[in-house]
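Quick notes on the structure that follows.
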Amino acid sequence: MQKEDLQQYVLDLPLHNQAFFALVETTARLVEVSEKYWQSQGLHGARIRILVEIMKEGGTILPSTLAQKIGVTKSNISLLLIPLEDEGLLRRHPHPSDGRKWVLSITSEGENLLRQYLPGNRQVIMEKMQVLNEQELNQLLVLLHKLRSF
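Using the UniProt record's numbering, read the sequence shown as starting at 1 and increasing by one per residue.
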């Protein structure tokens, strides 16, 4: 395939591919907005996401479950947890029934951090998402749920 043919190939996307890349690019832009907010507060979005995922589970979670939820390997999750533990935002303690496992718990400091900064993050995201009306947002949620179910 010649360079010109290759360029045309990447430009002439079938509808399914157009939708996919539009979704990826839009998601990247929204993540960038969120990450800029966290940076402006002196925080790391990835660390906040870990705390949020723990709170979604009621404040405690297995490291393997957390790794799956945030899309990292079980071996990498430990590296991500160290700074949060060092900052006192979460702690590890032995699993109550399986001594080979650990359980992660968010600390009161971690909860306070979320209380303090999550509202601002939600506000900046809401401002960007206001280009869609309520009906469009509901339609988008239905479509995204449908895509997640494959």
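Where a beta carbon is used, it is the ideal one built from N, C-alpha and C, also for glycine.
Same chain, Cβ closer than 8 angstroms to residue i, five either side skipped, listed in chain order
| i | result |
| --- | --- |
| Asn84 | The sequence shown places Leu at residue 84, not Asn. So the qualifying residues of the chain are Arg47, Ile50, Leu51, Leu90, Gly110. |
| Thr73 | Ala67 |
| Trp102 | Leu62, Pro63, Arg92, His93, Pro94, His95 |
Reference residue i, options the options, closest by Cα
| i | options | result |
| --- | --- | --- |
| Gln123 | Tyr37, Gly42, Ile70 | Tyr37 |
| Arg100 | Met55, Lys128, Pro63, Leu30 | Pro63 |
| Lys128 | Lys3, Glu25, Leu15, Arg29 | Arg29 |
| Gly42 | Gln116, Leu143, Leu144, Glu134 | Gln116 |
| Thr26 | Leu11, Lys56, Leu80, Leu140 | Leu140 |
Sequence-distant residues of the same chain with beta carbon closer than 7 angstroms to residue i, five excluded per side
| i | result |
| --- | --- |
| Lys69 | Glu53 |
| Ser105 | Gly59, Thr60, Leu90, Arg91, His93 |
| Thr107 | Gly88, Leu89, Leu90, Arg91 |
| Glu35 | Gly45 |
Burial state of residue i, where buried means 16 or more other Cβ atoms lie within 10 Å
| i | result |
| --- | --- |
| Ile82 | exposed |
| Leu113 | buried |
| residue 155 | No answer is possible for residue 155: the residues shown for the chain start at 1 and end at 150. |
Proximal residues to residue i (C-beta, below 6 angstroms), its chain only, five neighbours per side dropped
| i | result |
| --- | --- |
| Met1 | none |
Cutoff 9 angstroms: residue i Cβ touching any chain E Cβ
| i | result |
| --- | --- |
| Asn138 | Looking for chain E here will not work: only one protein chain is present. |
Quiz item: Considering only residues of the region 38-113, which uninterrupted alpha helix (DSSP H) runs meet the minimum length of 4 residues and lie entirely inside it, listed in chain order?
Solution: 45-56, 63-70, 74-86
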